[in-house]
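Per my numbering, the sequence shown runs over residues 23 to 207.
The beta-carbon is built from N, C-alpha and C at its ideal position, and this holds for glycine as well.
Fair warning: this is a prediction, and the values are worked out from it, not measured in the lab.
Shown next, in C-alpha cells, is the structure this report addresses.
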Amino acid sequence: MKIVINDLCEINTGVYEKPTVGGMVYYIQSRDFNGYLEFNDDIVPELQESPKFKKHYLQKGNILIAAKGGNYFAVVYNGEVSPAVASSTFIVLRELNQAIVSPGFLAWFINHPKTQLYFSTHAKGSNIPYISKNLISELEINIPSLDKQKRILEIHQLRIKERQLIEKIESLKEITINEKLIQYT
C-alpha cells in the first residue's frame, strides 16, 4: 500500500532554545547520536522546565528527522532520556498510525539510501542545506504488512550488529598487531 507520510502522522518542528547549565529537560540535537544512531553516553539535560514545552515533549514512538546540515537521518525516540524536547534541527513525527506502520520501519525507510538521495536532491539552502516539513509530509512510502516490516527491521538490526562486530574485530586486530610490532623492536 502506498501512502504519504502526512496521512500517517502529525508532523511538527523541534524547538529553538538556548541550552543552560543545570537543566532538567534534555534538548536533543544531532550531535547527541553516534554513527549507529544511538544516543551518546554523555548526553545531559540542558533546558529548564517551561510551559511552552508542553506540546513539544517527546513521547515513545516519536520519530526525529534531522532536517538540517545534509545528514537527514531518522531515529525513533524510545524514552532513552526523559523528559526531552527536540531541537529545531529536527522535524518530529508524532501520533503515528501504528496499525499501519511501525516507527522503526518508517525510520528505516527514511534512512534508506534511496530516500536519502531523494532528500539530498530536493534539499534547499546553499550554505546549510535543509529539508522542509512539506517535503517530508509529501514523501510517498510503500508500506508492507506489519509482519514484513518486523522482518525487515530484524534483518537491519542484524546488519548493524555485524558492522559493530567487524569494527570491534578490526580494532582488536590493530591493537594486537601494534603490540606484536613493539615487542619485535
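- Around the beta carbon of glutamate 71, a 10 Å sphere encloses fewer than 16 other beta carbons of the protein chains shown; the residue is thus reported as exposed.
- For serine 159, the secondary structure class from DSSP, reduced to helix, strand or coil, is helix.
- Taking C-alpha positions only, tyrosine 152 is separated from glycine 45 by approximately 28 Å.
- The DSSP assignment places complete beta strand (DSSP E) segments of no fewer than 3 residues inside the stretch 94-171 at 96-98, 106-108, 112-116, 162-164, in order along the chain.
- Here isoleucine 33 carries a strand assignment [DSSP, helix/strand/coil].
- Contact annotation: the stretch 120-140 touches the stretch 74-92, with at least three C-beta pairs closer than 8 Å.
- At a Cβ-Cβ threshold of 8 Å, glutamine 51 and serine 109 count as neighbours.
- In this structure, the alpha-carbon of leucine 168 lies about 17 Å from that of cysteine 31.
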